[in-house]
Amino acid sequence: MTLADLPCRSCGSTGLLSFLDLGHTPLADALVPVEQLDEPEASFPLEVAFCPTCALVQITEEVPPEVLFVDNYLYFSSFSDTVMEHSRAHAKNLIASRGLGSDSLVVELASNDGYLLKNFVDEGVPVLGIDPAPDQAAAARAAGVPTLEKFFGLDLAQEMRQEGKTADVIIANNVMAHVPDLNSFVGGMAHLLADDGVITVENPSVWDLIERCAFDTIYHEHFMYYSCLSIDALVRRHGLFLNHVEYFPDLHGGTNRWHFGKRDEPSDYVVERLAAERAAGLDKIDFYRDFARRVSELSTSLRNLVEENVAAGKTVAAYGAAAKGATMLNTVGLGTDLVSYVVDRNPHKQGRCMPGTHQLIQDPSVLVEDRPDLVLILAWNFATEIMEQQSEYRNLGGSFIVPVPEPVVVS
Ligand code: JHZ
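Heads up: the sequence shown runs through residues 1446 to 1856, numbered per the numbering used here.
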């Protein structure tokens, strides 16, 4: 299918406008076992387009979700203290503001290893996690979080309703970018929600993605990149309303938390944010047009910085085998000749290699032992947390490169 015929994943209109082509990249979470390094590695086109009808930004390629989230998924939410703290506060607020108790039901979609629902379980609030990733679902169950190992959509919501389940709260954090059948997902949430219930959805903001040049957060798992405008149009088609938004400028490079309900009662801040996005032009292609040029400039300056240091005899490693790290290494062209290895504290990732560029992933303690001159922080969204944690490496003279919004060296 050509771009001209491709329907928007939200409103179904054709006429999508492409504004960034990152070429072919391997799947960002398909970490390669060492013994498979010689085998051919699949790569897929990574092109980003804008829908002029509903303002949704989306990629054009559709890798099957089973390949992305069952066969190749080692992301565990619990490895960031920042995320754990953010989740604890969210659960606490919901319990208080919604008066949740032993007769409530909180459902989380993409509940991962139970990092968030655990907080409700601790307070005696019944929960159900839904996540298709087998290792993460097993970890959640082991932590006392009942988990259905399935993809969520309208069919599953209908089954659950037939079994007599309705959700007082539905939480979907960093998953609404990950579902190719978006209308089934949102339709399913609307179907499962109690009439007076609330849905909270978190996702990085496309406004920040463009402004901060966070092009590395574009990968095949992220089918969509949301603004308040595109999310408002999407949920309305399913009888849901955007009633509140909270903004976390430091979470994953700028995150919106949207609150949806079945009644149309927008807060003043929602009205303000929608107007601000319109005024900035997020619903017009012009807003996105010079992004490709800025991405190319950032890539060139990062590559030059690393190359100059390596040419001067310095060693460069990287921190964070993040999905965004795979986009960064592959699109900038940072192979093992420039970045020797990657460290990450998730033991499920250690011992494997980055997709495409093949750096071996090791435990972060290696930094103090090996003392590379520079560490490129691929998980730049956690730069503060990581630099604090690596104070020993820093005290030994090590420096960091933070690549986004523009490459800087922090000594
Ligand atoms: P992290 C994730 O993307 C996953 P990724 C997902 N695709 C999504 O949508 C976005 O977030 C929003 C490690 N780490 O979370 C853990 C340490 O080793 O930025 C992770 O492997 N030590 C659902 O994969 C990686 O870094 C630490 O101290 O791009 C971070 O990955 C910390 C803080 C993290 O995301």
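Positions of the beta carbon are idealized from the N, C-alpha and C atoms, including for glycine.
Annotation for Ile1806: Leu1476, Ala1766, Tyr1786, Val1787, Val1788, Asp1789, Lys1794, Gln1795, Gly1796, Arg1797, Cys1798 and Met1799 place their beta carbon closer than 8 Å to its own, counting only its chain and skipping 5 residues before and after. Going by beta carbons, Val1849 and Asp1661 fall inside the 9 Å limit. The closest heavy atom of the ligand JHZ lies 8 Å or more from the beta carbon of Phe1495.
Under the three-state reduction of DSSP output, Ile1676 falls in the helix class.
Bridge pairing for Met1621: absent [DSSP].
Taking a cut-off of 8 Å on C-beta distances, the segment 1580-1588 does not touch the segment 1602-1616, as fewer than three cross pairs fall below it. Taken through DSSP and simplified to helix, strand or coil, Leu1513 comes out as helix.
For Gly1633, the secondary structure class from DSSP, reduced to helix, strand or coil, is helix. A direct Cα-Cα distance of roughly 12 Å separates Val1493 from Cys1453. In the DSSP assignment, Asn1826 falls outside any alpha helix (DSSP H) and carries neither an H nor an E.
Between the alpha carbons of Val1761 and Glu1833 lies a distance of about 19 Å. In terms of Cα proximity to Leu1696, the closest of Lys1729, Asp1728 and Pro1649 is Pro1649. Membership of Thr1645 in the beta strand (DSSP E) is indicated by the continuous run Leu1638 to Pro1649. Per the coordinates, the alpha-carbon of Gly1842 lies some 27 Å from the alpha-carbon of His1803.
Checking the DSSP bridge columns, you'll see Val1788 partnered with Tyr1764 and Gln1807. In this structure, the straight-line span from the alpha carbon of Gly1544 to that of Ile1644 is close to 15 Å.
Per the coordinates, the alpha-carbon of Val1502 lies some 6 Å from the alpha-carbon of Cys1496. Counting only residues of its own chain and dropping the five nearest sequence neighbours on each side, Glu1568 has a CB closer than 7 Å to the CB of Ile1540.
Using a 10 angstroms sphere on the CB of Thr1776, the tally of other CB atoms reaches 16 or more, which defines it as buried. By the beta-carbon neighbour count (other beta carbons within 10 angstroms, threshold 16), Ser1523 is buried. Ranking Thr1592, Glu1753, Pro1625 and Pro1490 by CA distance to the CA of Ser1455 puts Pro1625 first. Distances from the CB of Asn1701 to the heavy atoms of the ligand JHZ are all 8 Å or more. Scanning Glu1530, His1704 and Tyr1670 for the CA closest to the CA of Asp1728 turns up Tyr1670. Around the CB of Thr1592, 16 or more other CB atoms lie within 10 Å, so the residue is classed as buried. The beta carbon of Asn1517 lies closer than 8 Å to those of Leu1472, Asp1474, Ala1475 and Leu1476 in the same chain, with the five residues before and after it left out.
Judged by DSSP in its simplified three-state form, Ile1616 adopts strand. In terms of Cβ geometry, Leu1679 and Lys1707 do not form a close pair [threshold 9 Å]. Annotation: the continuous beta strand (DSSP E) that includes Leu1467 extends over Leu1462 to Pro1471. Residues Thr1611, Ala1612, Asp1613, Val1614, Ile1615, Gly1706 and Lys1707 of the same chain have their beta carbon placed closer than 8 Å to that of Gly1642, with the five preceding and five following residues left out of the count.
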